[in-house]
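Chains A and B are the protein sequences, given in the same order. Residue numbers for the first sequence, in this note's numbering: 35 to 235. Residue numbers for the second sequence, in this note's numbering: 36 to 294. Ideal Cβ positions, reconstructed from N, Cα and C, are used throughout, including at glycine. Note that the structure is predicted; figures quoted are calculated from it, not measured. Below is one structure, written out as structure tokens, with a few remarks after it.
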Amino acid sequence: MEYSSGTPPVQRLIDEFSRLPGVGPKSAQRLTYHLIRMPAEQAENLASAILSVKTRITLCSKCFHITENDPCNICSDTTRDQSKICVVEQPLDVMALEKTSTYDGLYHVLHGVISPINGIGPDDLKVKPLLQRLMDNDVTEIIMATNPNLEGEATSMFIHKLIEPSGIKITKPARGLPVGGDLEYADEATLSRAIEGRQNF
Amino acid sequence: MTSNRVYKTKAIVLKQMPIGETNRIITFYTRSFGKVAAVARGVRRPGSKFGGSLEILNHVQTSIARGRSLDNVNECVVIESYKNLRKNLTAIAEGIYIAELVDTFGEDRSPNFSLFDILLETLSNLDQSEHREFWILWFEFRLLHVSGFLPEFVSCVECHSGLDRTDHTFDPGAGGVLCPECVNNYGTDQSWNVSVSALTVLRFFQRSLNSKLQSGSAGPYVDDLADVKAFLRIYMRYIAERDLKSTGFLDLVRFKETH
């Protein structure tokens with residue numbers, strides 16, 4: 035949206051806030067009036083944080099995770115297992131997996147999922163760079179950690195078909211019961227996957 | 036006993052769209068109310084009460100509460116999740132394609148029992164995984180029938196004379212196939228050629244509309260579906276007035292399956 039010099043700054047800020055996901059016009063007004071009452075220093079911190087995110091953050095040229103340095107800290111860490119790549123949908127998935135501290139390989143962020151009904155196909159995702167990475171490096175295992183829903187599974191199956199001829203081992207995280215949940219409340223799909231994927235005690 | 040605020044119905048999940056932190060807008064095709072969109076709160080959280088019940092293409096029993104702007108999904112139980120279909124990438128792409136067709140042709144809050152029933156029947160045909168391409172075409176044909184767009188294939192749409200077993204001209208504006216004489220008088224620049232091979236299948240479909248095709252009925256036709264597939268694709272696009280979004284992926288996976 036183009037603003038003329040005559041647009042009141044308050045209205046401009048409200049309009050900008052209401053473009054954010056999950057922020058309606060009322061919330062945008064509330065945020066704006068909160069900012070007006072905020073000390074100038076805090077507001078400047080917020081503004082500079084937003085600016086630095088936009089100017090300093092880029093995508094890693096190897097794994098497409100968001101990063102300040104290219105290649106990212108994960109890709110440039112030589113202590114990590116370079117033979118494993120975990121394929122995820124979004125950068126937030128990398129952060130969730132990193133919190134577990136159980137995975138020490140590399141990642142590849144697709145930046146989306148195949149969603150035919152929304153017209154999103156494999157060419158709209160970072161699939162080709164993944165295939166290129168597999169050709170250039172000694173990767174022995176691909177972990178397909180897309181979301182366990184129809185579109186996530188379809189994406190995994192599609193990539194699996196592309197990689198299969200190369201003979202690289204392809205795995206996916208186990209599907210099953212959430213830790214701390216009650217068995218009786220698990221839905222049939224989850225429970226049947228959990229039984230299918232049972233392990234030796 | 037249901038109050039006016041809550042309605043219960045059988046439904047197929049057509050599509051989902053993330054909204055807010057953990058919610059999704061689910062588009063159902065319901066048996067009793069036609070196409071309905073409702074918010075499923077918390078569905079993206081692991082451990083949500085909905086679990087996997089709101090997966091696309093699930094046949095479910097659901098109860099939905101009317102809301103001020105959007106309705107809310109209260110409960111959802113899976114009746115059938117078509118497990119075989121979900122193991123096959125091409126079948127998934129085909130299932131999503133028919134979901135998009137129903138999303139395009141189905142009307143908001145206007146029930147069409149026949150449309151619901153043929154959708155259900157086609158999903159179970161896709162789940163059986165044999166002659167899936169034939170069942171998709173049979174679905175497309177009946178979708179045109181139940182939504183009032185079915186053209187005439189057996190006789191000339193203008194002069195009603197019988198047609199020879201040969202290629203003919205199809206004119207979507209006229210609503211069917213024209214005989215060679217009528218093409219000269221009534222044909223428009225929108226018309227296109229439809230081959231005898233396509234017409235054979237289309238006439239078989241037209242004759243079979245009031246019967247339920249058994250799994251064996253696909254047999255004689257499965258090797259000669261390219262023309263009828265192309266014809267229905269063009270006609271669907273003509274009716275929908277746009278390209279269907281899921282056809283690109285469908286064509287890609289079908290191509291990869293055979294090459």
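Close Cβ partners of residue i (< 6 Å) along its chain, the five nearest in sequence each way excluded
{"i": "A/Ser-190", "result": "Met-178, Thr-180"}
{"i": "B/Leu-285", "result": "Ala-128, Tyr-132"}
{"i": "A/Leu-47", "result": "Thr-66"}
{"i": "B/Leu-105", "result": "Val-74"}
{"i": "B/Val-113", "result": "Ser-88, Asn-93, Val-95"}
{"i": "B/Pro-186", "result": "Gly-210, Gly-211"}
{"i": "B/Ile-60", "result": "Met-52, Ile-54, Ala-72, Val-74"}
Buried or exposed by the 16-neighbour rule on C-beta atoms within 10 Å, applied to residue i
{"i": "B/Asp-262", "result": "buried"}
{"i": "A/Ile-70", "result": "exposed"}
{"i": "A/His-68", "result": "exposed"}
{"i": "A/Thr-136", "result": "exposed"}
{"i": "B/His-294", "result": "exposed"}
{"i": "B/His-195", "result": "exposed"}
{"i": "A/Tyr-249", "result": "Within the shown structure, residues of chain A are numbered from 35 to 235, placing residue 249 of chain A beyond reach of any answer."}
{"i": "A/Gln-76", "result": "exposed"}
{"i": "B/Lys-122", "result": "exposed"}
{"i": "A/Lys-96", "result": "buried"}
{"i": "A/Phe-235", "result": "exposed"}
{"i": "A/Thr-224", "result": "buried"}
Proximal residues of chain B, C-beta to C-beta of residue i below 9 Å
{"i": "A/Phe-235", "result": "Correct list: empty, because the minimum Cβ distance to chain B is about 24 Å."}
Partners in chain A for residue i, counting only beta-carbon separations shorter than 8 Å
{"i": "B/Ser-67", "result": "Those do not exist, as B/Ser-67 stays about 23 Å from chain A at its closest Cβ, beyond 8 Å."}
{"i": "B/Ala-134", "result": "Ile-151"}
{"i": "B/Ala-128", "result": "Pro-150, Ala-188"}
{"i": "B/Ile-274", "result": "Those do not exist, as B/Ile-274 stays about 18 Å from chain A at its closest Cβ, beyond 8 Å."}
{"i": "B/Leu-92", "result": "Leu-184"}
{"i": "B/Arg-121", "result": "Leu-184, Glu-187"}
C-beta contact flag for residue i and residue j at 9 Å
{"i": "B/Asp-202", "j": "B/Val-229", "result": "yes"}
{"i": "B/Ala-46", "j": "B/Thr-97", "result": "yes"}
{"i": "B/Arg-238", "j": "B/Val-288", "result": "no"}
{"i": "A/Cys-94", "j": "A/Cys-109", "result": "yes"}
{"i": "B/Phe-174", "j": "B/Leu-260", "result": "no"}
{"i": "A/Gly-215", "j": "A/Arg-227", "result": "no"}
{"i": "B/Glu-115", "j": "B/Ser-159", "result": "yes"}
{"i": "A/Ser-176", "j": "A/Lys-118", "result": "The sequence as given places Ile at residue 176 of chain A; Ser does not occur at that position. Closer than 9 Å, so yes."}
{"i": "A/Gln-116", "j": "A/Asp-172", "result": "yes"}
Secondary structure of residue i, DSSP reduced to three states
{"i": "B/Thr-65", "result": "strand"}
{"i": "B/Met-36", "result": "In this predicted model, B/Met-36 has a pLDDT of only 45, less than 50, meaning its place in the structure is not dependable; the value taken from the coordinates is given anyway. Here B/Met-36 sits in coil by DSSP."}
{"i": "B/Arg-59", "result": "strand"}
{"i": "A/Glu-2", "result": "Nothing can be reported for residue 2 of chain A: it is not among the residues displayed for chain A, which extend from 35 to 235."}
{"i": "A/Tyr-219", "result": "helix"}
{"i": "B/Tyr-273", "result": "helix"}
{"i": "B/Ala-128", "result": "helix"}
{"i": "B/Tyr-72", "result": "The residue you asked about is not Tyr; residue 72 of chain B is Ala in the sequence shown. Three-state DSSP puts B/Ala-72 in a strand."}
{"i": "A/Lys-195", "result": "helix"}
{"i": "A/Ala-179", "result": "coil"}
{"i": "B/Gly-87", "result": "coil"}
{"i": "B/Tyr-256", "result": "helix"}
{"i": "A/Met-129", "result": "helix"}
{"i": "A/Gly-186", "result": "helix"}
{"i": "B/Leu-49", "result": "strand"}
{"i": "B/Ile-133", "result": "helix"}
{"i": "A/Gly-231", "result": "coil"}
{"i": "B/Asn-123", "result": "coil"}
{"i": "B/Asp-143", "result": "strand"}
Cross-chain neighbours of residue i in chain B, by beta carbon under 8 Å
{"i": "A/Lys-195", "result": "Leu-124, Lys-291"}
{"i": "A/Met-191", "result": "Leu-124, Ile-127"}
Beta-carbon proximity list for residue i, same chain, < 8 Å, skipping 5 on both sides
{"i": "B/Asn-119", "result": "Ala-126, Asp-162, Gln-163, Ser-164"}
{"i": "B/Glu-193", "result": "Ala-209, Leu-213, Cys-214, Cys-217, Asn-220, Tyr-221"}
{"i": "B/Phe-85", "result": "Ala-75, Gly-77, Val-78, Val-108, Cys-111"}
{"i": "A/Val-122", "result": "Val-128, Leu-131, Tyr-141, His-142, Val-143, Leu-144, Ala-179, Thr-180"}
{"i": "B/Glu-90", "result": "Val-48, Ser-116"}
Neighbourhood of residue i by C-beta, 7 Å cutoff - its chain only, sequence neighbours within 5 removed
{"i": "B/Thr-37", "result": "Residue placement at B/Thr-37 is poorly supported in this model, since its pLDDT is 49, which falls under 50; the coordinates still yield a value, given next. Only Lys-43 meet the Cβ criterion."}
{"i": "B/Gln-225", "result": "Asp-206, Pro-207, Gly-208"}
{"i": "B/Val-231", "result": "Arg-200, Thr-201, Asp-202"}
Chain B contact residues for residue i, given Cβ-Cβ distances below 7 Å
{"i": "A/Thr-224", "result": "Gly-86, Gly-87"}
Per-residue contacts from residue i into chain A (C-beta, under 9 Å)
{"i": "B/Val-113", "result": "Asp-221, Glu-222, Ala-223"}
{"i": "B/Ser-116", "result": "Glu-222, Ala-223"}
Chain A residues whose Cβ lies nearer than 7 Å to that of residue i
{"i": "B/Phe-284", "result": "Ile-148, Pro-150, Gly-155"}
{"i": "B/Gly-55", "result": "Gly-56"}
{"i": "B/Gly-82", "result": "Pro-212, Gly-215"}
{"i": "B/Ser-281", "result": "Pro-150, Ile-151"}
Any non-hydrogen atom of the ligand NAP closer than 8 Å to residue i Cβ
{"i": "B/Lys-118", "result": "The model on display carries no ligand, and the ligand NAP is accordingly not part of it."}
Can you give me, in chain order, the residues of the stretch 122-156 of chain A that have a beta carbon less than 8 Å from any beta carbon in chain E?
Going by chain labels, chain E is absent from the structure shown, which instead holds the protein chains A and B.
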